[in-house]
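Engineer: With positions in the sequence shown counted from 1, the corresponding number in the working numbering is that position plus 299.
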Amino acid sequence: MAVTALIIIDMQMDMQHRMEAGRDHVNPEAPARIADLTAAFRRKGLRVLHIRHADENPASPFHPEAPGYRAMPCAESLDSEPVFVKRTSSGFASTDLADYLRENDIDDLVVTGAVAGFCVNSTVRAGSDLGFNMTVVRDAVLGFDMPSAGLSARAIFDVTMAHLESDFARVADAAFLLPD
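1. Is DSSP giving Thr459 helix, strand or coil here?
2. Check this for me: beta carbons of Ala425 and Phe391, under 7 Å apart or not?
3. For Val436, which option in Gly412, Met310 and Asp404 has the closest C-alpha, if you only look at C-alpha atoms?
4. Taking all protein chains shown into account, do 16 or more other C-beta atoms lie within 10 angstroms of the C-beta of Val423, making it buried, or fewer, making it exposed?
5. To the nearest angstrom, how far is it from the Cα of Lys343 to the Cα of Ile333?
6. Would you decide whether Leu377 is buried or exposed? Buried here means 16 or more other CB atoms lie within 10 Å of its CB.
7. By how many angstroms is the C-alpha of Val409 removed from the C-alpha of Ile306?
8. Can you check the region 320-382 for any beta strand (DSSP E) of at least 3 residues that lies completely inside it and give the ranges in chain order?
9. Relative to the C-alpha of Ala439, which residue among Gln315, Ala301 and Ala329 is closest?
10. What are the boundary residues of the alpha helix (DSSP H) that includes Gly426?
Following this line, the structure appears as structure tokens:
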């Protein structure tokens with residue numbers, strides 16, 4: 300029997316700081332959708348897994364001692380929930396996430412978090428390549444612009460979702476996945 304888990308990727312305070320600074324982004328309601336999904340998964344006794352990004356550079360907002368490293372309120376883990384700390388883009392590349400999923404017979408992953416064009420994209424593609432059934436919750440994923448490349452948050456987000464849906468994941472909105 301397939302077991303489903305919710306994965307929350309990189310919902311750390313640096314994301315909140317970016318939004319508060321006015322950075323062009325998609326899905327300002329993503330934290331609320333993630334909180335709703337997390338509550339629903341916990342009520343059903345399903346697993347909630349957390350992935351956080353860490354950077355050893357003391358100047359990085361993702362340095363473990365930096366304010367940006369902390370989990371956003373929507374992504375705070377319970378003591379019983381695993382937290383995988385990655386140092387790369389994919390949640391699979393530098394963690395034991397795949398081993399944990401296999402040891403716990405988890406086949407279906409519902410993916411939320413940040414950032415669409417980076418770590419969400421990398422994690423979903425890697426998970427699909429490893430044989431996991433991936434679902435991306437479109438309205439529970441943050442996307443940001445790339446000013447240096449002249450790309451808007453919306454353009455990057457839409458292309459990323461289209462690529463993921465074309466071959467790597469099912470893409471759905473939270474309302475489709477949440478019970479009435």
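Cβ atoms here follow ideal geometry from the backbone N, Cα and C, with glycine treated the same way.
Structural biologist: On the basis of the supplied data:
1. helix
2. yes
3. Gly412
4. buried
5. 15 Å
6. exposed
7. 6 Å
8. 346-352
9. Ala329
10. Asn420 to Asp428
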